[in-house]
Each structure stands twice: as structure tokens, then as C-alpha cells.
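Everything on this sheet refers to the single structure shown next.
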Amino acid sequence: MIFFLIFLGTFLIMECVTWCTHKYVMHGSMWYFHADHHQPKYANIFERNDIFFVIFAAPSIALFYYGVEGGLNYKFFIGLGIMFYGLCYFLIHDVLIHQRFKWFKHTNNKYLVGLRKAHKVHHKHLGKAHGECFGMLFVPFKYYKI
Numbered sequence: 045m046i047f048f049l050i051f052l053g054t055f056l057i058m059e060c061v062t063w064c065t066h067k068y069v070m071h072g073s074m075w076y077f078h079a080d081h082h083q084p085k086y087a088n089i090f091e092r093n094d095i096f097f098v099i100f101a102a103p104s105i106a107l108f109y110y111g112v113e114g115g116l117n118y119k120f121f122i123g124l125g126i127m128f129y130g131l132c133y134f135l136i137h138d139v140l141i142h143q144r145f146k147w148f149k150h151t152n153n154k155y156l157v158g159l160r161k162a163h164k165v166h167h168k169h170l171g172k173a174h175g176e177c178f179g180m181l182f183v184p185f186k187y188y189k190i
């Protein structure tokens, strides 16, 4: 039970980590990597912004490695929480919102439509300043109204 709580807690904390990273790092010192993501059309399959998947995957991989050393321990479940958040982020952000993969083209789910609306508001700013809605899985309730 404790391992499940560690996994779940890590998953939830990752939304806060993502929000802060998005607002202060991606729209700050690492804007160079994130800027192409705010352009209306992507020139290639990959963007410079995709480097953030690698950056977030690295601690998860390390935690998996050290989490099985000498038997399964809490580090493994922290890594698992990070990995599952990354999977959800990918499915929501890259598949549902940006349609980089045409898997879920049509949805009427209020929650998913709200996520899409909030992200659209975020992308109305092409520069790094004046951004809003930096979260991914939890966005203000005003976007859930249909």
C-alpha cells in the first residue's frame, strides 16, 4: 500500500513540477528549446521542445535503476510515478491536444475539451512572455464549461 501511495503522490506532484518547469524554465532560460513549440506549424516530426521528454525521463530511468538495487524499494515507485505522468502528458499534450498522432481526433468529454481549450489559450502567445495555463492535467475550471 505504501508503494502505491508513493507512486500516486509522485504522479500528482509531477503536475506541480511540470507547471513550474513550464512557466519558469521553458518560458525562461530554456526558451530556445521551447520556442518552436509555440509556432503555428511544425517543420519536422520532432521539435527542439522534445528535449524535455529526455530531461524528464532521465531521473525516472535512474530511479528505476536504483529502485531495484538490493530489492524493490521506494525509488522504483517514484520513477514509476514520473514515468506514468510522462505517459499521460504525452497522450494529452502530443496526441489529444496537438494531434501529432491522429489517435483521438474527436472527443466530447468535458474534461478533455477543457484541457484542449486551456492549452489553446496558452498557445495564443507566440512569445515567451504573457503566458497562462502552464499546467497540463489540472487547469482552471472555467475551461470545462461547454
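Here the sequence shown is numbered in our numbering, starting from 45 and rising by one per residue. Even for Gly, the Cβ is constructed at its ideal location relative to N, Cα and C. Computed from a prediction, not measured in an experiment: that's the story for all the values here.
Using a 10 Å radius around the Cβ and a threshold of 16 neighbouring Cβ atoms, would you call K15 buried or exposed? Since the first residue shown for the chain is 45 and the last is 190, residue 15 is missing from the structure and cannot be characterised.
What does the alpha-carbon distance come out to for the pair F97 and A79? 15 Å
Counting only the same chain and skipping the five closest in sequence on each side, list residues whose C-beta sits under 7 Å from that of Y187. G158, K161, A162
Taking only runs of the beta strand (DSSP E) that begin and end inside the stretch 114-146, which ones reach a length of at least 3 residues, in chain order? none
Can you tell me where the alpha helix (DSSP H) with F108 in it begins and where it stops? Bounds of the alpha helix (DSSP H) holding F108 are 95-111.
Among residues of its own chain, excluding the 5 on either side of P103, which ones have a beta-carbon nearer than 7 Å to its beta-carbon? I126
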